[in-house]
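Here's the structure, in structure tokens; my notes come after.
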Amino acid sequence: MKRLPRVDLLADAPELAPARELLGRRAVVGLVREVLAEQREFVRAGGAAIGAEEALKLVAGRAEQRRASRLRAVINATGVVLHTNLGRAPLPPESAARLTELAWRYTSVELDLELGTRSRRAASIEAALAEISGAESALLVVNNAAAVLLALSTLAAGREVVVSRGELVEIGGGFRIPEVLVRSGARLREVGTTNRTRVGDYAAAIDAATACVLRVHPSNFRISGFTERPSLRELCELSHERGVPLVKDLGGGLVSELPGIEGEPSVQSCLTAGADLVCFSLDKLFGGPQGGVIVGKRELVSRLRDDPLARALRVDKLILLALEPVIEAYQRGQSERIPVHAMLRARPEALEERIRGWQRALGELAARTTLIETTAAAGGGTLPEEPLGSRALSIRTEDAEGLSRALRRGDPAVLPRIADGAVLLDARTVLPGEDEALIAALRAALSLENQN
Ligand SMILES: *Cc1c(COP(=O)(O)O)cnc(C)c1O
Numbered sequence: 058m059k060r061l062p063r064v065d066l067l068a069d070a071p072e073l074a075p076a077r078e079l080l081g082r083r084a085v086v087g088l089v090r091e092v093l094a095e096q097r098e099f100v101r102a103g104g105a106a107i108g109a110e111e112a113l114k115l116v117a118g119r120a121e122q123r124r125a126s127r128l129r130a131v132i133n134a135t136g137v138v139l140h141t142n143l144g145r146a147p148l149p150p151e152s153a154a155r156l157t158e159l160a161w162r163y164t165s166v167e168l169d170l171e172l173g174t175r176s177r178r179a180a181s182i183e184a185a186l187a188e189i190s191g192a193e194s195a196l197l198v199v200n201n202a203a204a205v206l207l208a209l210s211t212l213a214a215g216r217e218v219v220v221s222r223g224e225l226v227e228i229g230g231g232f233r234i235p236e237v238l239v240r241s242g243a244r245l246r247e248v249g250t251t252n253r254t255r256v257g258d259y260a261a262a263i264d265a266a267t268a269c270v271l272r273v274h275p276s277n278f279r280i281s282g283f284t285e286r287p288s289l290r291e292l293c294e295l296s297h298e299r300g301v302p303l304v305k306d307l308g309g310g311l312v313s314e315l316p317g318i319e320g321e322p323s324v325q326s327c328l329t330a331g332a333d334l335v336c337f338s339l340d341k342l343f344g345g346p347q348g349g350v351i352v353g354k355r356e357l358v359s360r361l362r363d364d365p366l367a368r369a370l371r372v373d374k375l376i377l378l379a380l381e382p383v384i385e386a387y388q389r390g391q392s393e394r395i396p397v398h399a400m401l402r403a404r405p406e407a408l409e410e411r412i413r414g415w416q417r418a419l420g421e422l423a424a425r426t427t428l429i430e431t432t433a434a435a436g437g438g439t440l441p442e443e444p445l446g447s448r449a450l451s452i453r454t455e456d457a458e459g460l461s462r463a464l465r466r467g468d469p470a471v472l473p474r475i476a477d478g479a480v481l482l483d484a485r486t487v488l489p490g491e492d493e494a495l496i497a498a499l500r501a502a503l504s505l506e507n508q509n
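By our numbering, the letter at position 71 of the sequence shown is numbered 128, and the numbering carries on one by one without gaps.
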């Protein structure tokens, strides 16, 4: 034990100057303590104590790891457009420009510059969201999980929410309908069975204790075979006959036509079918920054807005800045300017053209590659059973895992897909302007592999 070096001597060693510069002395002291504690365990278990030099190397390595854990750019070559681990929808360049222009300044986020009085945050954005989705009113919160929580809490705390057993699902990232319901203070009234629920099941469950009927979009799964569930319209008709509102948790946030995902219901179609409130995400098919929206009947949306919980779920000004250009693209009928939409619309011929460009730029290394047909996916809980035809650069390799690891470790990182022992780079999700960086990363990873 005595042989173990002292904390302060290590932390102040010249070898750790870069680490202190990067993380601050306090963090370096923390890393030194961590390494020494592990060494003490090791010595207690009969191992030999390490010297100062080795300890310094361990600490420097950990400092480097800390640095690498900062957010890094990732070139998404997986073909999954809305990749939750990669932050879902990438923002249009206009949103980035707006952030650069205004994020460092004071902004009129809650000030009416005309009158010089206080204004309601996001009021104009909410008006635009209502207009885009054809609703009477809209409310913006931090994400769709918050939207559902707020809707149920305001409308149904202490009362019952009627839900089909087939919709008591988990939607990625631990969003479980039954658990959200409990947190809202509402009681769950389950109806039907996992595979079949009829209008009659709902009719029998709605009584004086019912606050609302909840309908959940089966985002990321399908029950197939012997199944049945009423159409949204039928369910809305029943709810209205019985005088209870219907809340639809839609998820996706589709508000304009998008080829390739025709089966996905839009916000408008839910409202037309009669839903009183519709909740959706802004960073899925809508193509914006993280956010959640509740649209629908003015009176209900106002009740949600006045709930103290809404204050706890309000969005930051950075989100508003990033969102404005996305909303403007919809208002001008230019949704193709939204990256998610551009990617979903890209034609196979255009993807092939791009991949041939990559091959030309790779020169001799291109001999190891082929252009192949593959399938991409919208992701983000959209239509799991409808693959999207796509094109990829397939790279032959002895060690697909190794090559893909090398690509992941670059900066920007490149995230490929592995299929049948080959490394695939799907062109659909590589953003415009990333080609050069992708080629550089490929060259680096392939030449590294050639050396080994
Ligand atoms: C994605 C999704 C959610 C969660 O939305 P977040 O914006 O991630 O909070 C909830 N419900 C449905 C149906 C979804 O698809």
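All C-beta atoms in this analysis are idealised placements derived from N, C-alpha and C, irrespective of residue type, glycine included.
Distance cut 5 Å, beta-carbon to ligand 1 heavy atom: residue list by chain order | ASN200, ASN201, ALA202, ILE228, PHE232, HIS274, SER276, ASP306, GLY308, SER338, GLY438
Write down the C-beta distance between LEU401 and ALA435 rounded to the nearest angstrom, noting that I regard them as a contact closer than 8 Å.
-> 6 Å
If you draw a straight line from the C-alpha of LEU88 to the C-alpha of LEU472, how long is it?
-> 30 Å
Can the beta-carbon of LEU143 be found closer than 8 Å to that of VAL131?
-> yes
Mind checking if PRO365 is an interface residue toward chain B, Cβ cutoff 8 Å exclusive?
-> Considering every chain present, this structure includes no chain B. It has just one protein chain.
By a C-beta neighbour count over all protein chains shown, 10 Å radius and 16 as the cutoff for buried, is VAL205 buried or exposed?
-> buried
Nearest neighbour of ASP306, chosen from PHE343, ASN201, PRO382 [CA to CA] | ASN201
Starting from ASP483, follow the beta strand (DSSP E) in both directions and report where the run begins and ends.
-> Note, ASP483: beta strand (DSSP E), 479 to 483.
Exposed or buried, what is TRP161 when buried is set at 16 or more other beta-carbons lying within 10 Å of its beta-carbon?
-> exposed
Hey, could you find the ends of the beta strand (DSSP E) ALA449 is sitting in?
-> Boundaries of the beta strand (DSSP E) around ALA449: 445 to 452.
Give the DSSP-derived three-state secondary structure of VAL199 in the structure shown.
-> Correct three-state label for VAL199: coil.
Hey, quick one: how far does the beta strand (DSSP E) through SER306 stretch, first residue to last?
-> Position check: residue 306 holds Asp in this sequence, whereas Ser was assumed. Where ASP306 is concerned, the enclosing beta strand (DSSP E) stretches over 303 to 308.
Using DSSP with H/G/I as helix, E/B as strand and the rest coil, what is ASP169?
-> strand
DSSP state of GLY87 mapped onto helix, strand, coil = helix
Output the boundary residues of the beta strand (DSSP E) element that contains ARG272.
-> 267 to 273
Whose C-alpha, out of GLY257, THR254, GLY249, ALA213, is nearest the C-alpha of ALA266?
-> Ranked by Cα distance from ALA266, the options GLY257, THR254, GLY249, ALA213 are led by ALA213.
Rounded C-alpha distance that separates SER313 from SER323 | 7 Å
Rounded to whole angstroms, what's the CA-CA distance from PHE283 to ARG272? Just pull it up for me.
-> Straight-line Cα distance between these residues: approximately 20 Å.
By a C-beta neighbour count over all protein chains shown, 10 Å radius and 16 as the cutoff for buried, is PHE278 buried or exposed?
-> exposed
Can you give, in chain order, each stretch of the alpha helix (DSSP H) that sits fully within the stretch 227 to 273 and has at least 4 residues?
-> If one requires a minimum length of 4 residues, the alpha helix (DSSP H) runs lying completely within the stretch 227 to 273 are 234 to 240, 256 to 262, in chain order.
Could you check the C-alpha separation between ASP264 and SER276 for me, to the nearest Å?
-> 29 Å
Answer with buried or exposed for ARG448, where buried requires no fewer than 16 other C-beta atoms within 10 angstroms of its C-beta.
-> The residue is buried, with at least 16 neighbouring Cβ atoms inside 10 Å.
Can you give the Cα-Cα distance for GLY353 and SER190, rounded to whole angstroms?
-> Rounded to the nearest angstrom, the two C-alpha atoms are 9 Å apart.
Run through DSSP, which three-state label would SER281 get?
-> Correct three-state label for SER281: coil.
Going by Cα to Cα distance, which pick from ALA134, ARG145, GLU78, VAL64 is closest to GLY108?
-> Closest by C-alpha distance to GLY108, out of ALA134, ARG145, GLU78, VAL64, is VAL64.
What residues are listed by DSSP as bridge partners for ASN133?
-> The secondary-structure analysis by DSSP pairs ASN133 across a beta bridge with LEU472.
Between the Cα of ALA146 and the Cα atoms of ALA102, GLU381, ARG127, SER338, which residue gives the shortest distance?
-> SER338
Taking contact to mean at least 3 C-beta pairs separated by less than 8 Å, is the stretch 451 to 468 in contact with the stretch 110 to 124?
-> no
Tell me whether ASP427 sits in a helix, a strand or coil according to DSSP, three-state version.
-> A small fix is needed here, since residue 427 is Thr in this sequence, not Asp. Three-state DSSP puts THR427 in a strand.
Using the C-alpha atoms, what's the distance from LEU197 back to ARG177?
-> 12 Å
The stretch 399 to 418 / the stretch 481 to 498 touching (three or more Cβ pairs under 8 Å) | yes
When DSSP labels each residue in this structure, what does ARG175 get in the three-state scheme?
-> strand
Those residues which DSSP pairs with THR432 across a bridge = GLY446
Rounded to whole angstroms, how far is the Cβ of ALA195 from the Cβ of ILE351, which I believe are closer than 8 Å?
-> 7 Å
Simplified DSSP assignment, three categories, for SER326 | helix
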